[in-house]
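Colleague: Following this note's numbering, the numbering of the sequence shown begins with 607 at its first residue and continues without gaps.
In this text, a Cβ means the ideal position worked out from N, Cα and C, and glycines have one as well.
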Amino acid sequence: MDKVCEFCAAKVVTGILTTPYAVQFYPEGEEKKLKPKRSQVICDACPQCGHIQNLRLKDPENIMKYRYTILDD
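(1) From what residue to what residue does the beta strand (DSSP E) around C550 run?
(2) Could you name the residues of the same chain whose beta carbon sits closer than 7 Å to that of V610, not counting the 5 residues immediately before and after it, in chain order?
(3) Output yes or no for whether 9 Å exceeds the beta carbon distance between D571 and I658.
(4) Starting from the Cα of R644, find the closest Cα among R662, D608, P653 and give me that residue.
(5) With a threshold of 8 Å, establish whether the CB of D665 neighbours any heavy atom of the ligand ADP.
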């Protein structure tokens, strides 16, 4: 089954979002205590209309890895 755009029904292309940084995740309420967790984001993008859909982490286990690594102040 081909993946199609939710808006224009064109065939989408799967790739990795490119940003200066990987996605950083902090558990809610613990932003100042913990080191950020990093992972790349994979998504489907439509070359016709530019819509980005189906965002997902490449390595979701990296988000929960070292969950309780506390920063020293």
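Modeller: Walking through what the data contain:
(1) As displayed, the chain neither begins before 607 nor continues past 679, which places residue 550 out of reach and without an answer.
(2) Within the sequence shown, the letter at position 4 stands for residue 610. Excluding positions up to five away in sequence, the list reads A616, K617, V618.
(3) Because the chain spans 607 through 679 in this model, residue 571 falls outside it and cannot be assessed.
(4) Position 38 of the sequence shown, counted from the start, is the residue given in the question as residue 644. Comparing Cα-Cα distances from R644 to each of R662, D608, P653, the minimum goes to R662.
(5) The ligand ADP is absent from the structure shown, which contains no ligands of any kind.
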